[in-house]
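For reference, the structure is listed below as structure tokens.
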Amino acid sequence: MTLRVATDKETGVAVVTLDRPGKLNAVDLPTAAELSATWRALRFDDAVRAVVLTGAGGRAFSTGLDRDAVVPQPSSPYSQDDPLLAIGPKTNDLWKPVVAAVPGMACGGAFYLLGECDFVIADETATFFDPHTSYGMVSAYESVLMAQRMPYGEVARMVLMGNAERVSARRAYEVGLVSEVTAPGGALDAAVRCATVIAGYPTEGVQGSVRALWAAKGAARERGFATAPHLITLGNLADERQAELFADRPRTPPRVR
340 MTLRVATDKE
350 TGVAVVTLDR
360 PGKLNAVDLP
370 TAAELSATWR
380 ALRFDDAVRA
390 VVLTGAGGRA
400 FSTGLDRDAV
410 VPQPSSPYSQ
420 DDPLLAIGPK
430 TNDLWKPVVA
440 AVPGMACGGA
450 FYLLGECDFV
460 IADETATFFD
470 PHTSYGMVSA
480 YESVLMAQRM
490 PYGEVARMVL
500 MGNAERVSAR
510 RAYEVGLVSE
520 VTAPGGALDA
530 AVRCATVIAG
540 YPTEGVQGSV
550 RALWAAKGAA
560 RERGFATAPH
570 LITLGNLADE
580 RQAELFADRP
590 RTPPRVR
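The working numbering applies: residue 340 is where the sequence shown begins, and numbers increase by one.
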């Protein structure tokens with residue numbers, strides 16, 4: 340198992356932890372399936388009224404799709420399989436509030452998860468970046484989700500600068516991606532405190548509010564998602580060339596702002 344789920348029946352809060360610290364909590368295909376199954380199981384657990392999502396080990400929340408994952412693709416140019424599309428709580432019809440607690444790195448495919456959390460708390464070690472363009476890939480779904488959380492220019496800069504730049508926890512707070520910054524190691528406790536307060540309210544009103552907030556930007560998100568497969572098909576380099584760019588990536592530390 341690559342996820343841990345701990346439920347406090349007294350407070351009504353479940354903590355879901357990505358538990359692949361040796362892989363910086365990257366999501367492989369079994370983890371993707373576990374995430375989907377976990378969100379769907381939490382839908383039916385009436386003892387859970389709020390959820391916290393975090394990553395184990397302290398070095399990363401998640402670095403997105405595991406580069407060792409082999410994702411077979413259909414031969415048709417009109418279809419594409421993306422294993423991360425079904426890893427988020429909203430995609431799996433979980434309308435219980437989900438708070439993200441981010442330590443360390445959160446990048447690339449991690450935004451599939453952060454984009455479907457209701458708000459994000461990060462500690463001072465957190466950094467956010469999107470390396471797609473550095474390795475000859477289109478940032479499509481990630482960009483759509485982040486465009487609903489950050490000003491356009493900030494998303495564009497993060498996406499286009501690729502692996503050369505990191506958004507610090509403080510900058511993420513300033514632009515609205517993060518709602519609170521804690522001392523190192525403090526994001527999980529802060530997220531659990533918030534989730535405990537929310538779980539203490541009548542659940543129907545809370546879930547209805549989550550659903551209303553998600554619906555508010557639904558049209559733009561769905562339109563962006565509709566174009567994503569075609570842009571990825573047109574813009575991604577061949578897998579072999581992506582691997583070459585990844586292997587040859589500069590070793591100089593990226594700029595943090």
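Built from N, CA and C at the ideal position, the CB exists for glycine as well.
On a predicted model such as this, the values are computed, not experimentally measured, just so you know.
Residue from L357, A395 and D462 with nearest C-alpha to Y512: D462
Expressed to the nearest angstrom, what Euclidean distance is found between the alpha-carbon atoms of N575 and M500? 17 Å
From the DSSP output, which residues share a beta bridge with I426? None, per the DSSP bridge assignment.
Tell me which residues share the same chain as M489 and place their Cβ nearer than 7 Å to its Cβ, disregarding the 5 neighbours each side in the sequence. V514, G515 and L516
Strictly by DSSP, which residues pair up with I460? A440 and E519
DSSP on F606, reduced to helix/strand/coil? Since the first residue shown for the chain is 340 and the last is 596, residue 606 is missing from the structure and cannot be characterised.
Whole-angstrom C-beta distance between R505 and F468, which should lie under 8 Å: 5 Å
Which of helix, strand or coil DSSP assigns to E525: Here the sequence assigns Gly to residue 525, which means Glu is not the residue at that position. Residue state, collapsed to three classes: coil.
Select from A465, R510, I460 and G447 the residue whose C-alpha is nearest the C-alpha of Y480. G447
In angstroms, rounded to a whole number, what distance separates the CA positions of E519 and R343? 24 Å
Simplified DSSP state of T346, which is helix, strand or coil: Here T346 sits in strand by DSSP.
Assign K435 to one of two classes, buried (16 or more other C-beta atoms within 10 Å of its C-beta) or exposed (fewer than that). Result: buried.
Given R510 as reference, the closest of A425, W553 and R594 once Cα atoms are compared: R594
For the alpha helix (DSSP H) containing G605, name the first residue and the last one. An answer regarding residue 605 cannot be provided, because it is not within the stretch 340 to 596 covered by the chain.
Expressed to the nearest angstrom, what Euclidean distance is found between the alpha-carbon atoms of A555 and F458? 15 Å
Taking all protein chains shown into account, decide if V536 is buried (16 or more other Cβ within 10 angstroms of its Cβ) or exposed. With fewer than 16 Cβ atoms within 10 Å of its Cβ, V536 is classed as exposed.
Have a look at T521 and I460 and give me their C-alpha separation to the nearest angstrom. 8 Å
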